[in-house]
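**Student:** Before I ask anything, let me first share the structure, which is written out below as structure tokens.
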Amino acid sequence: MNSQTRIITIANQKGGVGKTTTAINLATALAAIGESVLIVDLDPQGNASTGLGIDRKNRTISSYDVLMQVASVEEAAVPTAVPNLSLIPSTLDLLGVEMEISNASDRATRLRKAFRGGVDASPFTYILIDCPPSLNLLTMNAMAAADSVLVPLQCEFFALEGLSQLLETVNQVRAALNPNLMIQGIVLTMFDGRNNLATQVVDDVRSFMGDKVYRTVIPRNVRVSEAPSYGIPAILYDLKCAGSQAYLQLASEVIQRERHLRAA
Ligand code: ADP
Ligand code: MG
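So for the sequence shown, the numbering used here puts the first residue at 8; every next one is plus one.
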């Protein structure tokens, strides 16, 4: 893998918090400013693949094949309709992968190896990994392979619930598999300013997690939720909507932090 490549895992064991939406739109924003971006869809549900218009019949080589070591990252990556953005799609085969590799000594580092095995001239400058809603072997592989973890938290009452378990998993991966793993940041998603509780949640998360939390808060925005049904990112579907604008802002914070993390 190219030493310039930055690998960011997008993880939260809760479903429906905005992982996939963040993966797709952050990737698109990075691609729009000229980065060469790859999304690895590591969720058997395949929402990132669908949301980028790669339908099931076009998922011939998938993240499953990469984990099973029958395809390389470069072989599995397909272009999307977004310039500079490729995707490794997922298939339902991923549901069985945990059992299939559970006895392998490298079961948690398959993805890391796949990235490392790549040629030095990897075309990608950013790789974003979209995780399933679980702290399972797939998410462990994603964390073991990454430079940093980006955590979406939904602005709802139970936002912080589960966060300590997630951070504990990051610590375990750091100790056992990937000592350089950093927290990229925590992004608050689906914020509704008319809801007092949401404002309270933002304050709570900021006081608990301090400057790990990005300044950018992603608003709840109907255009963002409509875009996947057209198979395109919100940023292409409606660039001007508040949700798209927030993801562009988030991208610039992510880039700044990556520069920082790399220098550290
Ligand atoms: P996860 O990948 O964590 O399960 P998703 O990104 O799929 O979460 O988001 C869950 C649902 O919420 C999806 O239907 C998605 O379209 C919707 N959604 C995500 N972010 C927003 C947003 N900012 N505004 C409105 N709907 C959103
Ligand atoms: Mg998802």
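C-beta atoms are modelled at their ideal positions from N, C-alpha and C, and glycine is treated no differently. If you're wondering where the values come from, they're calculated on a predicted model, not measured in any experiment.
What does the alpha-carbon distance come out to for the pair S79 and A152?
**Tutor:** The straight-line gap from Cα to Cα measures roughly 14 Å.
**Student:** Could you name each continuous alpha helix (DSSP H) segment of 4 residues or more that falls completely within the stretch 137-214, going from the start of the chain to the end?
**Tutor:** Entirely contained in the stretch 137-214, the alpha helix (DSSP H) runs reaching 4 residues are, in chain order, 144-152, 170-183.
**Student:** Just the C-alpha distance for I14 and I31, rounded to the nearest angstrom, thanks.
**Tutor:** Straight-line Cα distance between these residues: approximately 15 Å.
**Student:** For the beta strand (DSSP E) that contains I17, what are its first and last residues?
**Tutor:** Note, I17: beta strand (DSSP E), 13-17.
**Student:** For the alpha helix (DSSP H) holding S251, just list the boundary residues, first then last.
**Tutor:** 249-270 is the span of the alpha helix (DSSP H), which, as asked, contains S251.
**Student:** If you check the beta carbons only, do P139 and Q52 fall under 9 Å apart?
**Tutor:** Going by C-beta atoms, P139 is nearer than 9 Å to Q52.
**Student:** Tell me whether Q20 counts as near ligand 2, meaning its Cβ is closer than 8 Å to at least one heavy atom of that ligand.
**Tutor:** Q20: no, Cβ never under 8 Å from ligand 2.
**Student:** Go ahead and label L118 buried or exposed: buried means 16 or more other beta carbons lie within 10 angstroms of its beta carbon, across all protein chains shown.
**Tutor:** Buried, since its Cβ has 16 or more Cβ neighbours within 10 Å.
**Student:** Report yes or no: do the stretch 39-49 and the stretch 82-100 share at least 3 C-beta pairs separated by less than 8 Å?
**Tutor:** Verdict: yes, contact present.
**Student:** What residue range is occupied by the uninterrupted beta strand (DSSP E) comprising T67?
**Tutor:** Segment: none, T67 is in no beta strand (DSSP E) and carries neither H nor E.
**Student:** Which term fits G22, buried or exposed, when burial requires 16 or more other beta carbons within 10 angstroms of its beta carbon?
**Tutor:** That one is exposed.
**Student:** Compare the Cα-Cα distances from P216 to each of N228, D199, N202, L195 and report the closest residue.
**Tutor:** In the sequence as displayed, the identity of residue 216 is Met instead of Pro. When only C-alpha atoms are compared, the closest one is L195.
**Student:** Taking 8 Å as the threshold, find out whether the stretch 106-124 comes into contact with the stretch 55-65 through three or more Cβ pairs.
**Tutor:** No contact exists between the stretch 106-124 and the stretch 55-65.
**Student:** If we count Cβ pairs, one from each stretch, closer than 8 Å, do we get three or more for the stretch 158-176 versus the stretch 197-217?
**Tutor:** Cβ pair count under 8 Å is three or more, so yes.
**Student:** Does ligand 2 have a heavy atom nearer than 8 Å to the CB of A78?
**Tutor:** For ligand 2, not one heavy atom lies less than 8 Å from the Cβ of A78.
**Student:** Need the endpoints of the beta strand (DSSP E) that T223 sits in, please.
**Tutor:** Where T223 is concerned, the enclosing beta strand (DSSP E) stretches over 220-226.
**Student:** Report yes if the C-beta distance between D154 and L49 is below 9 Å; otherwise report no.
**Tutor:** No; because the gap between Cβ atoms is not below 9 Å, this pair is not in contact.
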